[in-house]
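Chemist:
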Amino acid sequence: GMKVAQASKHMIFTGPPGTGKTTIARVVANILAGLGVIAEPKLIETSRKDFVAEYEGQSAVKTARTIDRAMDGVLFIDEAYTLVQ
């Protein structure tokens, strides 16, 4: 056999405000925990402010801290498109 690439563990939930994107992320965290993919149904809800700092050089530090908090859980980035603005 051929080697099979590992499937991506990323998901994107799109839709207008109030359509349940955060709720679905919580459900996914519960499902992943139930399957043993993650130890507990931990969902870390974040936004641009958790990644982008006011001063040059500090965004990397904020990003690393945010990702560390989400390890072994689900990282939910609300309005992720704002990270590139």
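Residue numbering for the sequence shown follows the numbering used here, starting at 3 and increasing by one per position. No residue lacks a Cβ here, since even glycine has one placed at the ideal position from N, Cα and C.
1) Just curious, the beta strand (DSSP E) that Val29 is in, first and last residue?
2) In chain order, what residues of the same chain have a beta carbon less than 8 Å from the beta carbon of Thr16, not counting five sequence neighbours either side?
3) Please state the DSSP three-state secondary structure of Ile46.
4) How many Å lie between Thr84 and Lys5 at the Cα?
5) What is the DSSP secondary structure of Ile79, reduced to helix, strand or coil?
6) The alpha helix (DSSP H) spanning Asp70 covers which residue range?
7) Assess contact between the segment 71-80 and the segment 30-47, defined as three or more Cβ pairs (one per stretch) separated by less than 8 Å. Is contact present?
8) Please report the distance separating the alpha-carbon of His12 from that of Val30.
9) Can you tell me which of the three DSSP states Thr84 falls into?
Modeler: Considering the structure as presented:
1) Val29 -> not in any beta strand (DSSP E); alpha helix (DSSP H) instead, spanning 23-36.
2) Excluding positions up to five away in sequence, the list reads Lys23.
3) Note: Ile46 maps to strand in three-state DSSP.
4) Within the model, the alpha-carbon separation for Thr84 versus Lys5 is close to 37 Å.
5) It is a strand residue.
6) Per DSSP, the continuous alpha helix (DSSP H) segment holding Asp70 begins and ends at 61-72.
7) Verdict: yes, contact present.
8) Distance from the CA atom of His12 to the CA atom of Val30, rounded to whole angstroms, is 11 Å.
9) Note: Thr84 maps to helix in three-state DSSP.
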